[in-house]
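Chains as they are written, first to last, in my numbering: chain A, 1 to 461; chain B, 1001 to 1461; chain C, 2001 to 2461; chain D, 3001 to 3192; chain E, 4001 to 4192; chain F, 5001 to 5192. Glycine residues also receive a C-beta, built at the ideal position from the N, C-alpha and C atoms. Step one of this worksheet: look at the structure below.
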Amino acid sequence: MLHKAGLTLSDGTTLDDLINRDMNEVSLRVMNDKELYELEMERVFARTWLLLGHESEIPKPGDYVMRDMAEDNVIVSRARDGEVHVMLNVCPHRGMKVCTAEAGNAAAHRCIYHGWAFRSDGSFIGAPIEKEQMHGNKHSKDELGLKKARVHLYGGLIFATWSKDLSFEDYLGDAKFYLDQLFCRTDNGLEMLGPPQRFVLPCNWKIPGEQSGSDGFHTLTLHRSLMEGGIMGGTAESIYDTAPGMYGVDISVPQGHTLRCLEAAQTFKMFADISFEGKTTEERLNLLTPPGVTKDMIPQLFKNLSEAQVNQLATIPPQVGGMFPNILIAFIFAPRMDGGASGALSLHTYVPRGPDKVEFINFIFAEKDAPEDVKRDMLQNAIWSTGTSGTIEQDDADTWPQIMRNSRGHMSKTMTLKYQALHGHERPEGWVGGGDLYPGFTKDDTQWAWWSAYYDLMAEA
Amino acid sequence: MLHKAGLTLSDGTTLDDLINRDMNEVSLRVMNDKELYELEMERVFARTWLLLGHESEIPKPGDYVMRDMAEDNVIVSRARDGEVHVMLNVCPHRGMKVCTAEAGNAAAHRCIYHGWAFRSDGSFIGAPIEKEQMHGNKHSKDELGLKKARVHLYGGLIFATWSKDLSFEDYLGDAKFYLDQLFCRTDNGLEMLGPPQRFVLPCNWKIPGEQSGSDGFHTLTLHRSLMEGGIMGGTAESIYDTAPGMYGVDISVPQGHTLRCLEAAQTFKMFADISFEGKTTEERLNLLTPPGVTKDMIPQLFKNLSEAQVNQLATIPPQVGGMFPNILIAFIFAPRMDGGASGALSLHTYVPRGPDKVEFINFIFAEKDAPEDVKRDMLQNAIWSTGTSGTIEQDDADTWPQIMRNSRGHMSKTMTLKYQALHGHERPEGWVGGGDLYPGFTKDDTQWAWWSAYYDLMAEA
Amino acid sequence: MLHKAGLTLSDGTTLDDLINRDMNEVSLRVMNDKELYELEMERVFARTWLLLGHESEIPKPGDYVMRDMAEDNVIVSRARDGEVHVMLNVCPHRGMKVCTAEAGNAAAHRCIYHGWAFRSDGSFIGAPIEKEQMHGNKHSKDELGLKKARVHLYGGLIFATWSKDLSFEDYLGDAKFYLDQLFCRTDNGLEMLGPPQRFVLPCNWKIPGEQSGSDGFHTLTLHRSLMEGGIMGGTAESIYDTAPGMYGVDISVPQGHTLRCLEAAQTFKMFADISFEGKTTEERLNLLTPPGVTKDMIPQLFKNLSEAQVNQLATIPPQVGGMFPNILIAFIFAPRMDGGASGALSLHTYVPRGPDKVEFINFIFAEKDAPEDVKRDMLQNAIWSTGTSGTIEQDDADTWPQIMRNSRGHMSKTMTLKYQALHGHERPEGWVGGGDLYPGFTKDDTQWAWWSAYYDLMAEA
Amino acid sequence: MTVNYATAAIDKTSVMRGLVSTQRVPLGSEVYNRLLETLYDEAAALDERRFDDWVAYLEQDLVYTAPLRLTRNGPNKDRDVVRTMKHFDENYASILMRTGRLSKSAWAEDPPSRTRRFVTNVRIAQCDTAGEYEVVSYLYVERSRFDNPDNESITAERRDVWRRVDGAYKLAVREIIVDQSTLGMSNFAIFL
Amino acid sequence: MTVNYATAAIDKTSVMRGLVSTQRVPLGSEVYNRLLETLYDEAAALDERRFDDWVAYLEQDLVYTAPLRLTRNGPNKDRDVVRTMKHFDENYASILMRTGRLSKSAWAEDPPSRTRRFVTNVRIAQCDTAGEYEVVSYLYVERSRFDNPDNESITAERRDVWRRVDGAYKLAVREIIVDQSTLGMSNFAIFL
Amino acid sequence: MTVNYATAAIDKTSVMRGLVSTQRVPLGSEVYNRLLETLYDEAAALDERRFDDWVAYLEQDLVYTAPLRLTRNGPNKDRDVVRTMKHFDENYASILMRTGRLSKSAWAEDPPSRTRRFVTNVRIAQCDTAGEYEVVSYLYVERSRFDNPDNESITAERRDVWRRVDGAYKLAVREIIVDQSTLGMSNFAIFL
Ligand code: FES
Ligand code: FES
Ligand code: FES
Ligand SMILES: [Fe+3]
Ligand SMILES: [Fe+3]
Ligand SMILES: [Fe+3]
């Protein structure tokens, strides 16, 4: 158990100066401070679990993908033993990248600089000209393997951490009840449909980060075109009256994970005339299957989830949210006019690339057991809405750099981000899951929970 | 009244190490120091008055232009009440830009991120879904307006400051007597002919800044082509003998504003054969009207200026100079061969964009009452000489970045800028205006006055 | 004699934390630290001798080339008196570059900003309008010359330093015995064949720097294509068995200079069937003349070198190596199939351009007395192997930035570069030259010597 | 089946780039000139944000995609076009929804980018279907936003199929092969 | 009257870009080819700094301008060309003074920039006046100065009028529409 | 004799750039079109890394060079092409060794760069030798490596001599005149 040493920047600014927990305000300066950034690398990204990909990307022994844990480049590989390993892509000899491709299959990785070789589990094989013992005599061979991170698979998602003690269960906390409904609902789970979209934005990682704390309210204005498109309830004129998708139950856990659960029936006008009243869970699921799930897969839901979980999934499913520090979840209903399979399953990570740059990584999924045409539709839906060309997230990607630009101003950086429209925890009757619950209109509670988790980690020396 | 705490950089360097007031030398290091730059944002740009534009840019209620106070982006807008307001373009909610256009007309500015709306005077209207009170309950609505700067109009020029107490009069000081002759001489004053030219140079703001302290001497060599062009007295061969335009009266005030007053009759060879001896003020003005002023506007000069001011304008008018910290004044005589209206009226601001970048903003004016063809000529003259493609200022824009490049060297940054050719204050007989006066050959006095004003502000904690 | 104050970074890290002399490990962090970089500019580059060019570049009085001593831009010029002078290209007036061309001939350099003029030895001539004394009255003219560096010519190579006391002899130390064999072996010495190739790489200067400490081992793997090309002994398949070019005598001196001496006869398979046994020095030289030396120049070797030096040159000549801090020596045998003159003579300097950029400068030479066709071949050989398009150094230039990229990671930067395959000093019998000798397979001794020299300079306040 | 883009085995087409058909339409021929003219006119329509004019170039059965590029090495080094994942995956209807959006509240392009689409290296061949032409062009796009003095840019190869429809040419297929694995452009709110 | 570029009301022409005339000169036609050739030759003259050769392309009644671009939004979002203010505002005489200056002490180009003017997307139409042609081209200029490894660059659309004068084509009008509101280029000491 | 590139006296040819021959091959002529087509095909071969296809364009007596550029001022300001030193100094044999290397362990291009060679401003003239053509083109190359979102790029003028050999055109001479004194590109492991 670490002792609280707090945090003080070289100019005397403290964490409490930056994050005012009485007023629920955060100084804009946090978005543009090199010193704070270095501390985040140590106290946030080196201490928590990070999402790197999905095991369906590397099915065969030797398969690997190259990913990043913050600014640390790592190899995510499946070893001979079938286990997934995550190791630093830094040669213990002179720091060169041991692997130079973004993906591939290799029994061993040989560094191109001097030829040191490593197995797909990161262990050291040797240097060329064995008899000359060019790895030296100060370390035994088993000390010269690639630096390994701890790995945990959850619903096939590959998480890794540099932390020695944080268990994945403690990291998830009460969020598991809800996340299982998204990641662990079918027999064969999710499949990543291809390598992730990757692009870099000129802003600090916390600008998309704080939004990933379930900022529902921005949808009404920034994503106004969603309404104008007519998919969601309401029209361009009426959105501020009907406020489609703004009502539901928001959830947060102390770890900083958050979710928004929406009554799909309310969200989309196409269902407006269908009443879910008095219908069984099964009937509801058949009326409105979770995105990517086909009717014939519904029995799998009952098999893989608890009754309470299926029941929620059928009634007021989690749709969007985030996992601290830098994961966005978008498992959204997005009905198609042309009758194709609806919805999109996508996860993002916002990977720091310095104080003023972030890489947006967009992982797109389908249920592995879904038929190919459904997968094809899911892919198209996700590309249409999210990531590089996503008609929703284009607007986010253009907005965040403008906030970054503002954070440069001497006067501007003293301005604050405000989280003062708070609902406060309130348990809807009959609600089974844990965490702090905020039923009704989506407000600032979840985003503040994100900052609270940030505060807790940053305060620990 | 602030107490003098001085200034010490983290490596122990003091302001006196950087600015040697005994030797009149400034260390080149001042041009390339991140820490010093941050202090400048606080002690110079947040404390003094800054030029943002001209009210003729925003004649109607709701008209606005987007400008920058150092690195703080602001909205300069004319509100319903007809008053000009300057407010930080940072949304009090989450820091997004409330206004995304460089110019326009809007009754209200609605932030595209979550929809908070503000009036053209910066006051907060509200957030969408009024009943949900999404602006929270910790601040009343009148606390949630955009951060306002103090505004002062001088000759229609829009100045603003973050300072709470500095009066514009104290900022101008004795420079007013001279500046009136440029900005306040006609009944309807100046008009900005269009939006400013904007371009960015890779150098610290103080490199153009110290030059704006009336560096007359560089004209002979850096702007040699002016002489070669044959506009000014002398030729490429003779300029070092005749030194055209080097003789006059330089002026500085403790606030750091400086001006060069030149006997136009001496400056341009086309007037060489005309004697101003014994002529009345009116006769002189008719022989050589101030740039942009037509003969029929001459009576306005007498009406708007004091006799002493008109007299100077007719004899030895201020032509170039600067206002501290980052304004260059070029109200120059530039006779045309083709008989078109002569001269150019242009103001620049050098806006910091980080320690190693500056934005050059070129505002071009004409007298509002001048006929269209004169305005058209004035525009052409200004574009020909100044700014983006200006045949004079091209050379400055190419020189400054080379000084910046030098400031990076470990040995080079210990070299100094020298201001050691000093004339010293000397009042020409019959001179009416105030300030420190340096008659004769243009020397380093005014630029040193610029550095003295810089020193005074930087020394105040 | 400076006292050892050691070195401590602002976060408390000491030089010993970064360079572990017990374990022979260097933290990857040294490649990416702004603070450390500033100290290197002061303690390494401002204290040691730096290579700037060759006097054959500037044969006539007034000839000059523009070069850089770390980030300080300097003019290297031959004055009226025929002497070579090196002076800071920073105008003592306001810091502008006094010289704006990369090469030329000028009796005097007149600064384009205000016209101060300087002789080709850097002395101040004056400012325009002499009678106005625009250089002021605080410094006499002889105090206003360009800042001069100390200059030393060695084999025509132009070295300069800001150090007041370090003699060139002390800088060379025991390396002189070996370097003479490369730079001082013929009557008229070397000639630079043209201006250097220049290009910039996104990495810290020490990444190529530590390699220049005679990293022979990387050749086998990174430059594998050399073997595949079939020039050297062995083939793609057999290189790890035959390890061509890995055996010889490595040399280092405490100043950080290093060399690799290779028995050319062993290096190239084309000579495999020729025995050097029992042959005289002269016979050996005729069998395999040093690169760029023609048979009829062999007598010159005996004239210019000691017997011991010629003997080594004939038997096991120095071929590659480096001079601390940033010089790479490649005086290599590179036989041509088409019978053209073999080998290449090239020197590089790795000039710092900030913590994360380095300029690669490639100087290409021939023996001045060699016939034009030989010079032409030498040029082609050097361009083929080294520098911009060099088939050997392409791979280095692509590898270094990847190490740099790794140095950004929070976890990665704690990884270390290892120099733990050490042979230790051992004097081969009959060896004449001095320094520490490492006969046999090329190992890490020389590169560690490079780091030791770095440590010594950096530890001195 | 599991998509396994990591291993060499998959995605046989991943190396396919450039011109496929061999029935070359000569540079300078009438067909070539009209198609090149059309590409220039199309670029102008997009740069001038005349989206209705642009849509008029599109066929109803349009297939408009942008595969990913992946950095690979060794034997797979040239198999770097990944078509299992895309930056764009559009048809005529989805394009219409995009242009429709741009006429309303599409903040990503309001205020609009100032774009410039440089079209060069155009190579054309006949497809098997009469009246259809395979048109490969190089595209360099600079994009200026707000008062930012630094533009974003992207380069790509476009592998089109243009179809002759009563006197004019219409776009039936466009595959945009971008040249980056990680895009330096903040979003694809613009068409390529 | 006060110029009010801020409000929507003014500057009706502010949206005008690209080709105006509809009497298209077909790509590949003799006139098109000669004009394209001329644009290439002109670019070479400027890149090789043969200013006398360049001036020979200019008509005495030349109008050579570069309006500003302004970032605007909402209903005015496409009205972003501001002709009340310019980066260049030249005529034949002022151009001669500029080229004359470049032959003397024009430090901004001494030492000279190494420039490269890429001319693409050329579209041509006939003007109402016989023998005059509206020529729209895309221009990408890279500019290298001193030993700086980072170039400055600019993109623009050029809306020219070229006039047929005894067998050759001469430039009568050029409007350079740059693509930035705030220029990343340090100055316009070069011609566009 | 000592090479003295510093002084004005030397390197008479140092100002030579662009097209030399005056026997112009008109843009749009058959020869022009075939040569332009060839340049596009050549660029495609290089961008698609079909090195065998590319070598097939090369003549056995090929001279392939890239002189340095040097920043100079005053009277020598335009004499900035230095041919005493080069970035490339190749013949047919050395090019073959380079392409051969690229098929083996050439780490500088394994994994390969994603390149795009934009060829524009092509101007052609006849050489004195029948069947030989002087072809000057502008080249802009963008190069993307690994997952770097920032590309490296280079601009250059290529002064080629193409020779007509049984129906096709082959490259006999190429001089690449880069536009930088200090290159921003990390290496020339790619062909220009
Ligand atoms: S750095 Fe990997 S083997 Fe040397
Ligand atoms: S940031 Fe402006 S409304 Fe939220
Ligand atoms: S800076 Fe050199 S003369 Fe003024
Ligand atoms: Fe969003
Ligand atoms: Fe000036
Ligand atoms: Fe090497």
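Report task. Check residue 4002 of chain E in the structure and name its three-state DSSP category. Result -> Counted from its first residue, the fifth sequence places residue 4002 of chain E at position 2. Per-residue confidence for residue 4002 of chain E stands at a pLDDT of 43, beneath the threshold of 50, marking its modelled position as unreliable; the derived number appears in the next sentence. The answer is coil: DSSP assigns residue 4002 of chain E none of H, G, I, E or B.
| Across which residues does DSSP place residue 2360 of chain C in a beta bridge pair? | Indexing the third sequence from 1 puts residue 2360 of chain C at position 360. DSSP output for residue 2360 of chain C lists C:2199, C:2350 as bridge partner(s).
Notebook entry, point to check: Distance, Cα to Cα, residue 2451 of chain C vs residue 2210 of chain C?
Noted result: Locating residue 2451 of chain C in the third sequence gives position 451, counting from the first residue. Locating residue 2210 of chain C in the third sequence gives position 210, counting from the first residue. Their backbone Cα atoms lie some 7 Å apart in a straight line.
DSSP state of residue 3033 of chain D mapped onto helix, strand, coil: Taking the first residue of the fourth sequence as 1, we reach residue 3033 of chain D at position 33. Reduced to three states, the DSSP call for residue 3033 of chain D is helix.
Of all the alpha helix (DSSP H) runs that stay within the bounds of the stretch 2397-2444 of chain C, which reach a length of 4 or more residues? none
**Request:** May I ask you to report which of helix, strand or coil DSSP gives residue 1454 of chain B?
**Result:** Residue numbering aside, residue 1454 of chain B sits at position 454 when the second sequence is read from its first letter. In this structure, residue 1454 of chain B counts as helix in the three-state DSSP scheme.
Restricting to Cα atoms, I'd like to know which of D:3027, D:3108, D:3152, D:3066 is closest to residue 394 of chain A.
Numbered from its first residue, the first sequence carries residue 394 of chain A at position 394. Of the candidates D:3027, D:3108, D:3152, D:3066, the one whose C-alpha sits nearest the C-alpha of residue 394 of chain A is D:3108.
| query | Counting by C-beta, which residues lie closer than 5 Å to a heavy atom of ligand 2, in chain order? | reply | B:1091, B:1093, B:1094, B:1096, B:1111, B:1113, B:1114, B:1116
Proximal residues to residue 1067 of chain B (C-beta, below 7 Å), its chain only, five neighbours per side dropped: Locating residue 1067 of chain B in the second sequence gives position 67, where the first residue counts as 1. Cβ neighbours of residue 1067 of chain B beyond the five flanking positions: 1052, 1053, 1074, 1076.
- Is it the case that the Cβ atoms of residue 2204 of chain C and residue 2351 of chain C are separated by a distance below 9 Å? Locating residue 2204 of chain C in the third sequence gives position 204, counting from the first residue. Locating residue 2351 of chain C in the third sequence gives position 351, counting from the first residue. Contact: no.
task: Output yes or no for whether 9 Å exceeds the beta carbon distance between residue 3085 of chain D and residue 262 of chain A.
output: Counting from one through the fourth sequence, the residue named residue 3085 of chain D turns up at place 85. Counting from one through the first sequence, the residue named residue 262 of chain A turns up at place 262. Not a contact, by the Cβ cut-off of 9 Å.
Proximal residues of chain C, C-beta to C-beta of residue 128 of chain A below 7 Å | Here residue 128 of chain A is taken as the residue at index 128 of the first sequence, counted from 1. Within 7 Å Cβ-Cβ: 2220, 2221, 2240.
Next item on the list: Flag residue 1438 of chain B as yes if its beta-carbon sits less than 9 Å from any beta-carbon of chain C, otherwise no.
Entry: Walking along the second sequence from the start, residue 1438 of chain B turns up at place 438. By this cut-off, residue 1438 of chain B is not an interface position.
Check your understanding: What residues match up with residue 2027 of chain C in a beta bridge as DSSP calls it?
Key -> The residue you call residue 2027 of chain C lines up with position 27 of the third sequence. Paired residues: C:2416.
Practice problem: Give the interface partners of residue 380 of chain A over in chain D, defined as CB-CB distance under 7 Å, in chain order. | Solution: Taking the first sequence and counting its residues from 1, one reaches residue 380 of chain A at position 380. Here the neighbours are 3089.
Buried versus exposed call for residue 2348 of chain C [16 or more other C-beta atoms within 10 Å across all chains shown]:
Indexing the third sequence from 1 puts residue 2348 of chain C at position 348. Residue 2348 of chain C should be labelled buried.
Tell me where the beta strand (DSSP E) around residue 4142 of chain E begins and ends. Translated into the one-based positions of the fifth sequence, residue 4142 of chain E becomes position 142. 4132-4144 is the extent of the beta strand (DSSP E) around residue 4142 of chain E.
In the DSSP assignment, what residue or residues form a beta bridge with residue 4197 of chain E? This structure leaves residue 4197 of chain E out entirely; chain E is present only between 4001 and 4192.
(request) For residue 2199 of chain C, go through chain F and note every residue whose CB falls closer than 8 Å to its CB, in chain order. (result) The residue given as residue 2199 of chain C occupies position 199 in the third sequence. Going along chain F in sequence order, the residues near residue 2199 of chain C (Cβ under 8 Å) are 5182, 5183, 5184, 5185, 5186, 5187.
If the cut is a Cβ gap below 7 Å, which residues of chain E does residue 3120 of chain D touch? Locating residue 3120 of chain D in the fourth sequence gives position 120, where the first residue counts as 1. By Cβ distance, chain E contributes 4120.
*Note down, in chain order, every chain A residue with its Cβ under 8 Å from the Cβ of residue 1458 of chain B.*
On the second sequence, position 458 is the one that residue 1458 of chain B refers to. In chain order: nothing, as chain A lies at least about 14 Å away.
Q) Relative to chain A, which residues along the stretch 1108-1119 of chain B have a C-beta separation below 8 Å, given in chain order? A) 1110, 1111, 1112, 1113, 1114, 1115
Alpha-carbon to alpha-carbon, residue 2091 of chain C and residue 2145 of chain C:
Position 145 of the third sequence, counted from the start, is the residue given in the question as residue 2145 of chain C. Position 91 of the third sequence, counted from the start, is the residue given in the question as residue 2091 of chain C. C-alpha separation (whole angstroms): 9 Å.
Checklist entry - Should residue 2015 of chain C be flagged as near chain B, meaning a C-beta pair shorter than 9 Å? => result To locate residue 2015 of chain C, count along the third sequence from 1; it is residue 15. Taking Cβ atoms only, chain B never reaches closer than 9 Å to residue 2015 of chain C, which makes this a no.
Consult DSSP for residue 4187 of chain E and reduce its assignment to one of helix, strand or coil. Taking the fifth sequence and counting its residues from 1, the one referred to as residue 4187 of chain E is at position 187. In the three-state reduction of the DSSP assignment, residue 4187 of chain E falls in the coil class, being assigned neither a helical nor a strand state.
ask   = Going by DSSP, which residues form a beta bridge with residue 4049 of chain E?
value = Here residue 4049 of chain E refers to the residue found at position 49 of the fifth sequence. DSSP, once it has assigned bridges, lists no residue as partnering residue 4049 of chain E.
- Query: Below 9 Å between beta carbons: does that hold for residue 5044 of chain F and residue 5050 of chain F?
  - Reply: Within the sixth sequence, the letter at position 44 stands for residue 5044 of chain F. Within the sixth sequence, the letter at position 50 stands for residue 5050 of chain F. Yes; because the gap between Cβ atoms is below 9 Å, this pair is in contact.
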